[in-house]
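Undergrad: As numbered in our numbering, residues 32 to 291 make up the sequence shown, in order. Glycine included, each C-beta is placed from N, C-alpha and C at the ideal position. Let me give you the structure first, and then I'll get to my questions.
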Amino acid sequence: MLIGAYFLSRLSYTVNLYKSADEAASPINLIQYINRFGGGQQTMEFSLFVGEKHRLPIRLVVYRLPQEVYRKRQKAAIKTAKRKGRRARLSYLKFLKYSFFMTNVPADVWPKEALGTLYRLRWQVELTFKHWKSLFCIDLLKGTRLERIRCLLYGCLIVILTVQRLLALAARQAENEGRELSFDKAIQWLLRQDRFLKAFVARQFDTLMRKLLGNLRRLLKAKRKRRTTRQLITQQVGYLDSFSDSSEELDNGLAAGSYA
């Protein structure tokens, strides 16, 4: 059902695209289409349609990845398929040469060069909601009365805002030491043994903060050569420029599953 909303999403390998909204139209061979109409550019854009029954017009933005990057992706896909007792499809290995993004946001609002970076921002928002659900259970609101639901929701949001303030201070200290705070580890530490609850009731956040900083080394992310998504966003590194790091992270399109 179409609701008139804007969206930005990755293109999955299994999703068909079409040149027209005609329901009788056959799906395109995407790689052949890129080779024919992409002009060999590093960043390409195509006006296509998606959807089996209700065809939705989209902008498909395609980034051609550096050779060393897609070779790593292909190698990982072959290894995954072999582990599952299958062979990786040639069409999927060709698919991994690119990063694909779909959106219906107009080009004068979001130019094609910006979509990869914007998707990173969107992914950070999704991770935030994941934390809220998995660690703060904001999606579990017991009861039916409107007043009760509002109290539970507002109370949870107050807790989240307070925790985020503590984590921001800890993250700044970690950055001063050239490291990055693991928000998962830090939140779990705060919730363990009711540390946060006890500090909240007693209004002893200064004491809690000192203890948090005292345990900071246990709450850091592992050291790695490549820059993190947060660092790339903070440093305003363009999507394709980010692959210049010596170690490249397999993106969410590959992480979603190896199609073999």
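With distances taken from CA atoms, which of A217, G245, V93 and Q219 is nearest I65?
TA: Closest by alpha carbon: V93.
Undergrad: Ends of the beta strand (DSSP E) at E76?
TA: Going by DSSP, E76 is part of the beta strand (DSSP E) stretching over T74 to V81.
Undergrad: Between G147 and Y270, is the Cβ-Cβ spacing less than 7 Å?
TA: The answer is yes: Cβ separation under 7 Å.
Undergrad: Less than 7 Å separating the beta-carbons of L166 and I218?
TA: At the C-beta level, L166 and I218 come within 7 Å of one another.
Undergrad: Within 10 angstroms of its Cβ, does L188 collect 16 or more other Cβ (buried), or is it exposed?
TA: exposed
Undergrad: Is the beta carbon of Y49 sitting closer than 7 Å to the one on N135?
TA: Inclusion of Y49 and N135 in the CB contact set at 7 Å is not warranted, their separation being larger than that value.
Undergrad: Once the 5 residues before and after A52 are set aside, which same chain residues still bring their CB inside 6 Å of it?
TA: Same-chain partners within the cutoff: F80 and R86.
Undergrad: What does the alpha-carbon distance come out to for the pair S273 and L263?
TA: 7 Å
Undergrad: For M133, which beta-bridge partners are listed by DSSP?
TA: Note: M133 sits in a beta bridge opposite S40 and L91.
Undergrad: Just checking my contact of L26 with A201 at CB under 8 Å: how many whole Å lie between their CB atoms?
TA: Since the first residue of the chain shown is 32 and the last is 291, residue 26 is not available in this structure.
Undergrad: V268 to G174, Cα distance in whole Å?
TA: 46 Å
Undergrad: Would you call the region 116–131 and the region 225–243 in contact, with 3 or more CB pairs under 8 Å?
TA: no
Undergrad: When you compare only the Cα positions, how much space is there between E178 and G71?
TA: 59 Å
Undergrad: How would you label R203, buried or exposed, when you count the other beta carbons within 10 angstroms and need 16 or more for buried?
TA: exposed
Undergrad: Are the CB atoms of Y129 and Y44 nearer to each other than 7 Å?
TA: no
Undergrad: If we call anything under 7 Å between Cβ atoms a contact, is L239 one with A205?
TA: no
Undergrad: Please state whether DSSP places Y270 in a helix, a strand or coil.
TA: It is coil, neither helix nor strand.
Undergrad: Starting from W220, follow the alpha helix (DSSP H) in both directions and report where the run begins and ends.
TA: F214 to L222
Undergrad: What span of residues does the alpha helix (DSSP H) with R85 cover, start to end?
TA: Note on identity: in this sequence residue 85 is His, with Arg being the wrong assignment. Note, H85: premise wrong, no alpha helix (DSSP H); not H, not E.
Undergrad: Here's the rule: buried if 16 or more other CB atoms are within 10 angstroms of the residue's CB, otherwise exposed. What is N283?
TA: Caution is warranted here: a pLDDT of 43 is assigned to N283, below 50, making its placement in the model unreliable, and no coordinate value can be reported.
Undergrad: My output table needs one value for L48: the three-state DSSP class, helix, strand or coil.
TA: In the three-state scheme derived from DSSP, where H, G and I count as helix and E and B as strand, L48 is classed as strand.
Undergrad: Along the alpha helix (DSSP H) that carries W154, what are the first and last residues, could you check?
TA: L146 to S165
Undergrad: Under 8 Å Cβ to Cβ from R153, same chain only, skipping five residues before and after it: list those, please.
TA: L39
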